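These notes concern the structure reproduced below.
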Amino acid sequence: MSTAVNMHDKRWGNKYGTVRSAGKVTPLVCWFEECRKDSVPLVGGKCSSLGELISAGVRVPPGFALTTEGYRRFMTDAGIDREIQSMVSGLDAGDMEALENTSGAIREMIEAHPFSAEIEDLVAERYRKLAVRSCLPAVPVAVRSSATAEDLPGASFAGQQDTYLWVRGADEVLHNMRRCISSLYTGRAIAYRINQGYADEQVAISVGVQKMANSFTAGVMFTLHPGNGDRSVIVIDSNYGFGESVVSGEVTPDNFVVNKITMDILERTISQKDIYYTVDQKTQVSRPIEVPFERQKVQSLMDDEITELAKMGKLIEKHYGRPMDIEWAVDKDLPFGGNIFILQARPETVWSQKQQPPGAAKGGASAMDYILASMLEGKRLN
Amino acid sequence: MKFPKPHDVRTIPGTEGWERMYPYQYQFVTDDPERMTYEAQSFWFYDGLHYPEPIYPFDTIWDEAWYLGLSQYNNRIFQVPPVRGVDHRIINGYVYISPVPVTDPEEVGSRVPNFMERAGYYYKNWNELEAKWELKMKGIIKQIEELPIPSLPDLEDISVVTEGIGESKGFHLIKAYDDLINLGIQCWQYHFEFLNLGYAAYVFFLDFVQKLFPSIPLQRVTQMIAGIDVIMYRSDDELKKLAKKAIELGVDLILTNCGEWQDAETALKAHPKGRTWLDALEEARYPWFHVSTGTGWSHSDKSWNDDLNIPLSGIATYINQLRQGMDIERPMEKVRAERDRITEEYRDLITSDEDRKTFDELLGTAKTVFPYVENHLFYVEHWFHTVFWRKMREVAAIMKEHGMFEDVEDVWYLRRDEIKQGLWDMVTAWATGVKPRGTAVWPKEIAWRKGVMKKFQEWSPPPAVGIPPEVIREPFTIVLWGVTNSSISDWSEVQDISDPDSITTLKGFAGSPGVVEGKARVCRSADDIRLLQEGEILVAPTTSPSWAPAFARIKGAITDVGGVMSHAAIVCREYGMPAVVGTGHATKIIRTGMMLRVDGATGVVTIDR
Numbered sequence: 060m061s062t063a064v065n066m067h068d069k070r071w072g073n074k075y076g077t078v079r080s081a082g083k084v085t086p087l088v089c090w091f092e093e094c095r096k097d098s099v100p101l102v103g104g105k106c107s108s109l110g111e112l113i114s115a116g117v118r119v120p121p122g123f124a125l126t127t128e129g130y131r132r133f134m135t136d137a138g139i140d141r142e143i144q145s146m147v148s149g150l151d152a153g154d155m156e157a158l159e160n161t162s163g164a165i166r167e168m169i170e171a172h173p174f175s176a177e178i179e180d181l182v183a184e185r186y187r188k189l190a191v192r193s194c195l196p197a198v199p200v201a202v203r204s205s206a207t208a209e210d211l212p213g214a215s216f217a218g219q220q221d222t223y224l225w226v227r228g229a230d231e232v233l234h235n236m237r238r239c240i241s242s243l244y245t246g247r248a249i250a251y252r253i254n255q256g257y258a259d260e261q262v263a264i265s266v267g268v269q270k271m272a273n274s275f276t277a278g279v280m281f282t283l284h285p286g287n288g289d290r291s292v293i294v295i296d297s298n299y300g301f302g303e304s305v306v307s308g309e310v311t312p313d314n315f316v317v318n319k320i321t322m323d324i325l326e327r328t329i330s331q332k333d334i335y336y337t338v339d340q341k342t343q344v345s346r347p348i349e350v351p352f353e354r355q356k357v358q359s360l361m362d363d364e365i366t367e368l369a370k371m372g373k374l375i376e377k378h379y380g381r382p383m384d385i386e387w388a389v390d391k392d393l394p395f396g397g398n399i400f401i402l403q404a405r406p407e408t409v410w411s412q413k414q415q416p417p418g419a420a421k422g423g424a425s426a427m428d429y430i431l432a433s434m435l436e437g438k439r440l441n
Numbered sequence: 016m017k018f019p020k021p022h023d024v025r026t027i028p029g030t031e032g033w034e035r036m037y038p039y040q041y042q043f044v045t046d047d048p049e050r051m052t053y054e055a056q057s058f059w060f061y062d063g064l065h066y067p068e069p070i071y072p073f074d075t076i077w078d079e080a081w082y083l084g085l086s087q088y089n090n091r092i093f094q095v096p097p098v099r100g101v102d103h104r105i106i107n108g109y110v111y112i113s114p115v116p117v118t119d120p121e122e123v124g125s126r127v128p129n130f131m132e133r134a135g136y137y138y139k140n141w142n143e144l145e146a147k148w149e150l151k152m153k154g155i156i157k158q159i160e161e162l163p164i165p166s167l168p169d170l171e172d173i174s175v176v177t178e179g180i181g182e183s184k185g186f187h188l189i190k191a192y193d194d195l196i197n198l199g200i201q202c203w204q205y206h207f208e209f210l211n212l213g214y215a216a217y218v219f220f221l222d223f224v225q226k227l228f229p230s231i232p233l234q235r236v237t238q239m240i241a242g243i244d245v246i247m248y249r250s251d252d253e254l255k256k257l258a259k260k261a262i263e264l265g266v267d268l269i270l271t272n273c274g275e276w277q278d279a280e281t282a283l284k285a286h287p288k289g290r291t292w293l294d295a296l297e298e299a300r301y302p303w304f305h306v307s308t309g310t311g312w313s314h315s316d317k318s319w320n321d322d323l324n325i326p327l328s329g330i331a332t333y334i335n336q337l338r339q340g341m342d343i344e345r346p347m348e349k350v351r352a353e354r355d356r357i358t359e360e361y362r363d364l365i366t367s368d369e370d371r372k373t374f375d376e377l378l379g380t381a382k383t384v385f386p387y388v389e390n391h392l393f394y395v396e397h398w399f400h401t402v403f404w405r406k407m408r409e410v411a412a413i414m415k416e417h418g419m420f421e422d423v424e425d426v427w428y429l430r431r432d433e434i435k436q437g438l439w440d441m442v443t444a445w446a447t448g449v450k451p452r453g454t455a456v457w458p459k460e461i462a463w464r465k466g467v468m469k470k471f472q473e474w475s476p477p478p479a480v481g482i483p484p485e486v487i488r489e490p491f492t493i494v495l496w497g498v499t500n501s502s503i504s505d506w507s508e509v510q511d512i513s514d515p516d517s518i519t520t521l522k523g524f525a526g527s528p529g530v531v532e533g534k535a536r537v538c539r540s541a542d543d544i545r546l547l548q549e550g551e552i553l554v555a556p557t558t559s560p561s562w563a564p565a566f567a568r569i570k571g572a573i574t575d576v577g578g579v580m581s582h583a584a585i586v587c588r589e590y591g592m593p594a595v596v597g598t599g600h601a602t603k604i605i606r607t608g609m610m611l612r613v614d615g616a617t618g619v620v621t622i623d624r
């Protein structure tokens with residue numbers, strides 16, 4: 060993959076912004092490509108899984124993370140961590156009013172508190188490099204919370220922290236990073252930790268800053284047939300614009316079935332697509348608009364893009380060793396060959412939990428038994 | 016899906032009485048209520064794979080031979096539990112067949128142990144039995160090659176007297192004819208010894224993999240058995256060798272410049288190294304040029320040895336390709352590597368150990384049976400038949416000499432029992448010294464039959480008659496003829512369209528993957544192959560091994576008849592070019608020069624009108 064960056068490459072290397080402790084170097088910021096699946100304590104679940112995808116050779120929109128070390132440094136720099144601890148201690152998880160008041164005060168404090176000059180410089184430098192890599196001045200980014208506890212078994216932190224889309228400029232990035240950090244202290248999150256008995260020191264957050272895929276087309280992809288569990292195909296749903304319309308089921312997307320082994324497109328269903336999501340340049344938020352009439356029944360994803368996407372799906376499945384459910388986008392700012400991005404990949408759960416695909420024969424039969432049984436069954440004409 | 020009732024199909028005006036050209040049991044009847052009910056309630060489909068043209072009375076011999084062969088193995092030898100044999104009828108000269116089910120579940124059950132024991136024995140001892148089979152085949156081919164067809168002398172040789180032989184050439188001629196026919200029928204006994212079991216192993220491997228992977232295209236499954244060397248390709252390989260040799264010896268220009276074999280031969284004899292090349296040709300001819308230019312089923316399918324212009328054209332194609340620096344070898348290593356990759360990747364996707372075990376067993380069996388499934392064609396339809404037709408022409412030449420008919424080729428208008436009758440008439444008259452009665456009877460009858468055959472040829476047989484069943488349990492029917500629910504309904508759809516010029520898409524079987532666009536070349540027989548231009552798309556009723564050189568020129572193929580195991584599909588997969596097979600009507604709808612798009616993955620042909 061052309062955009063997968065070698066972490067040893069000098070251009071992206073982290074020669075600044077590291078902390079030494081007991082001979083170990085812990086960075087304050089790092090590129091996604093420097094993260095792996097075991098980087099969760101450092102960069103949280105979301106950033107580490109993006110890093111893992113990159114290491115698998117998958118193209119994901121480039122970006123970097125403020126590490127948990129960066130988060131801790133921010134919190135300790137002016138002692139707000141101790142202040143917050145004292146504000147939280149003794150709170151009653153059932154006292155909603157006290158929770159909300161405390162939360163409001165903590166969040167205001169976090170958001171008002173500037174980063175140290177060191178962190179500001181590090182983030183601004185990474186953001187500038189990201190803009191250069193993306194060939195876009197003031198590149199629009201998504202600023203995402205990436206919590207370390209996200210993937211703990213039984214801990215449903217997912218979705219509790221915020222994501223801010225279409226953020227432009229270093230100052231805005233820094234501002235929204237603080238908003239992400241502060242989202243660690245919503246009333247609900249504080250109450251949850253009290254109830255579950257998590258000490259506040261156990262909780263850390265990382266913040267990912269990722270180039271927004273300015274998607275011409277986006278959608279989802281399964282590395283098995285969601286209809287019949289066939290593991291030899293990859294099934295792709297696609298519509299114009301951001302993937303929201305597909306994920307939410309607001310439109311009937313185009314559907315493609317690709318042979319996973321040979322990459323032939325076995326089936327294509329071109330649907331009528333009435334709306335798509337795109338960014339409103341004035342308000343800078345994503346909103347649905349009508350697909351121009353002449354494009355409504357046109358294939359939304361080109362054949363070579365379908366093949367490229369299927370190859371990525373196959374690679375991701377191979378890397379994780381199980382069928383996957385993947386979100387993807389085709390970026391309109393970039394030319395074919397480097398414009399298809401994976402936004403998210405998670406294990407497929409429906410068919411993977413079934414014992415056997417439907418219709419598979421009684422296993423273990425000898426050739427002779429199978430031949431006889433099939434003869435008796437025959438081929439139904441319907 | 017609606018098809019005509021078999022008894023409602025009208026006789027073509029002017030052919031009244033055509034039924035007498037064929038054995039009586041081939042008629043749909045109205046005078047026997049029980050038989051008529053059975054016929055009306057069965058499903059009969061047109062066997063265009065074997066008979067793309069109406070069948071000549073004599074050529075009914077191979078239909079009768081396989082009618083007996085397949086049915087006896089199914090029903091009396093292996094006892095395939097749910098099916099008996101395959102029944103046959105003729106409508107207006109076209110052969111219709113119908114698998115006969117076993118309807119009583121108890122009877123099906125009672126057949127199971129026999130099938131398991133007998134078929135099981137064959138599967139277990141396949142290679143050993145197949146080696147025996149090959150010896151039997153070589154033996155019977157030797158017998159027919161050495162069978163003398165004596166002509167009738169005015170005076171018998173003196174040795175009849177001096178050696179006390181006590182038999183005449185008249186008797187020998189009749190006996191030779193009987194021997195010839197018997198060898199033919201016997202050869203067809205061997206033809207079916209393994210075929211049904213071979214197809215069963217094959218079709219149910221396909222079936223199993225499709226159950227594991229509901230979206231897998233059939234051709235991907237057949238690809239798992241590709242790349243096995245079979246002698247079906249040997250004839251074509253010999254042409255390639257001869258092309259290389261011609262360039263080596265510097266006689267290649269002679270072969271590419273002479274369109275006619277006679278001219279080429281004369282020029283080669285005059286060339287200092289021409290003799291060496293001709294020797295190499297002689298060596299290749301036996302048996303590898305005993306390959307029919309058709310399916311080998313019809314007397315009109317000539318072999319390369321009968322018409323050397325056909326291999327000459329193939330050799331010239333290869334010489335030209337070699338001169339352009341092209342690699343003319345089939346990419347076998349690539350095919351095998353791709354086969355192994357595909358097999359391994361699909362195998363890895365199987366989730367349970369039990370299914371993987373069944374997959375391995377069925378794949379192993381399918382690979383074991385594959386060479387037989389392919390090779391029997393060369394031994395029987397090509398090699399044996401080539402010799403057989405030649406011998407029959409020798410018999411016919413003697414009958415012509417005695418005034419029984421006007422032309423050697425007239426013999427095919429008679430049933431084989433009529434020929435026997437004619438021979439008796441002829442030899443008794445010869446023995447007696449009078450004029451045979453047949454000289455007045457047969458020429459007249461043959462002239463009438465010629466007219467009937469012409470009218471048959473102008474008629475379009477419906478793809479099927481009768482009532483389609485809910486379930487087909489006869490695997491051979493499914494694989495070989497590509498008869499499935501979808502193909503039948505596609506055929507009937509096309510049939511319902513009154514104007515063939517309005518059709519822009521045709522559906523068939525996805526025979527070999529890939530998409531290609533190009534100009535159509537409709538080749539109804541092997542003679543038409545010579546017209547094929549580089550890069551055209553071949554549209555043919557069906558193809559056979561002797562068409563191999565055609566595949567070196569084309570970029571895709573479409574056939575009327577055949578399933579994923581048909582010759583065109585196999586060869587296209589080996590060459591890595593798209594094929595859509597079993598379209599039902601392609602040669603009737605497509606005309607040479609039309610622009611086509613062939614999608615070998617979906618089985619759709621688009622015609623740009």
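From first to last, the protein sequence lines stand for chains A and B. Those letters in the first sequence? Residues 60 to 441, by the working numbering. Those letters in the second sequence? Residues 16 to 624, by the working numbering. Each residue gets a CB set at the ideal place from its N, CA and C atoms; glycine is no exception. All values reported here derive from a predicted model rather than from experimental measurement.
Practice prompt. Could you tell me whether the stretch 169–187 of chain B touches the stretch 383–401 of chain A, using the rule of 3 or more Cβ pairs below 8 Å?
Written response: Result no; under three Cβ-Cβ pairs closer than 8 Å.
Fill in: Where residue 167 of chain A falls, given that 16 or more other Cβ within 10 Å makes a residue buried
Around the C-beta of residue 167 of chain A, fewer than 16 other C-beta atoms lie within 10 Å, and the residue is accordingly described as exposed.
Worksheet entry | Residue of A/290, A/303, A/297 and A/332 minimising C-alpha distance to residue 318 of chain A | A/290
Item to complete: With DSSP as the reference, please indicate the residues paired to residue 401 of chain A in a beta bridge.
Response: A/387
Discussion item. Applying the 10 Å Cβ sphere with the 16-neighbour rule, what's the burial state of residue 112 of chain B?
Written reply: Buried, since its Cβ has 16 or more Cβ neighbours within 10 Å.
Discussion item. DSSP three-state label for residue 599 of chain B, please.
Written reply: If DSSP states are grouped into helix, strand and coil, residue 599 of chain B belongs with coil.
Fill in: For residue 269 of chain A, the first and last residue of its enclosing beta strand (DSSP E)
264–270
Item to complete: Mark residue 215 of chain B as exposed unless 16 or more other C-beta atoms lie within 10 angstroms of its C-beta, in which case mark it buried.
Response: Buried, because 16 or more other Cβ atoms sit within 10 Å of the Cβ of residue 215 of chain B.
Worksheet entry | Rounded Cβ spacing between residue 326 of chain A and residue 316 of chain A (contact assumed at less than 8 Å) | Rounded, the Cβ-Cβ distance is 4 Å, consistent with contact.
Fill in: DSSP beta-bridge partners of residue 163 of chain B
According to DSSP, residue pairing for residue 163 of chain B in a beta bridge does not occur.
Practice prompt. Identify the contact partners of residue 609 of chain B in chain A, using a Cβ-Cβ distance below 7 Å as the criterion.
Written response: Chain A residues near residue 609 of chain B: none, gap ~25 Å exceeds 7 Å.
Worksheet item: Interface residues of chain A around residue 550 of chain B at Cβ under 9 Å?
Response: Per Cβ cutoff of 9 Å: no residues; residue 550 of chain B is ~22 Å from chain A at best.
Worksheet entry | Cβ separation of residue 283 of chain A and residue 382 of chain A, assumed to be a contact under 8 Å, to the nearest whole Å | 4 Å
Worksheet item: Would you call the stretch 98–106 of chain B and the stretch 77–90 of chain B in contact, with 3 or more CB pairs under 8 Å?
Response: Yes, the stretch 98–106 of chain B is in contact with the stretch 77–90 of chain B.
Worksheet item: Which of helix, strand or coil does DSSP assign to residue 89 of chain A?
Response: strand
Discussion item. How far does the beta strand (DSSP E) with residue 114 of chain B in it extend, from its first residue to its last?
Written reply: From DSSP, the beta strand (DSSP E) with residue 114 of chain B extends over 109–116.
Discussion item. Rounded to whole angstroms, what is the Cα-Cα separation between residue 159 of chain B and residue 220 of chain B?
Written reply: For residue 159 of chain B and residue 220 of chain B, the distance between alpha carbons rounds to 37 Å.
Item to complete: Let me know the secondary structure DSSP gives residue 427 of chain A once reduced to three states.
Response: helix
Discussion item. Contact defined as beta carbons within less than 8 Å: I believe residue 630 of chain B pairs with residue 242 of chain B. What is the distance between those atoms, to the nearest angstrom?
Written reply: The requested residue 630 of chain B does not occur in the structure, where chain B is confined to residues 16 to 624.
Worksheet entry | Residues that residue 325 of chain A contacts on chain B, provided the C-beta gap is smaller than 8 Å | 230, 232, 616 and 617
Practice prompt. Pull out every residue of the stretch 129–158 of chain B whose Cβ sits closer than 8 Å to any Cβ of chain A, in chain order.
Written response: Hits within the stretch, in order: 130, 131, 134, 135 and 138.
Worksheet entry | residue 328 of chain B versus residue 335 of chain A - alpha carbon distance | Within the model, the alpha-carbon separation for residue 328 of chain B versus residue 335 of chain A is close to 59 Å.
Item to complete: Flag this pair as touching only if the stretch 149–163 of chain B and the stretch 396–406 of chain B have three or more C-beta atom pairs under 8 Å; answer yes or no.
Response: The stretch 149–163 of chain B is in contact with the stretch 396–406 of chain B.
Worksheet item: Helix, strand or coil: how does DSSP classify residue 57 of chain B here?
Response: coil
Worksheet entry | the stretch 307–322 of chain A: positions lying closer than 8 Å to chain B by Cβ | 316, 318, 319, 320 and 321
Discussion item. Below 8 Å on the Cβ atoms is my contact criterion, and I expect residue 56 of chain B with residue 482 of chain B to pass it. Report the Cβ-Cβ distance as a whole number of Å.
Written reply: Indeed they touch by this definition, with Cβ atoms about 6 Å apart.
Item to complete: Could you check how far apart the C-beta atoms of residue 93 of chain B and residue 431 of chain A are, in whole angstroms? I think they sit under 8 Å.
Response: The Cβ separation is near 11 Å, so there is no contact.
Practice prompt. Quick one: residues in its chain with C-beta nearer than 8 Å to the C-beta of residue 126 of chain A, no 5 flanking neighbours on either side, listed in chain order?
Written response: By the criterion of a C-beta distance shorter than 8 Å, residue 126 of chain A is surrounded in its chain by 85, 86, 87, 88, 89, 101, 102 and 265, once the five residues flanking it on both sides are discounted.
Worksheet item: chain A partners of residue 357 of chain B, CB-CB under 8 Å?
Response: Under the 8 Å cutoff, chain A gives 320 and 321.
Worksheet item: Start and end of the alpha helix (DSSP H) containing residue 471 of chain B?
Response: From DSSP, the alpha helix (DSSP H) with residue 471 of chain B extends over 453–472.
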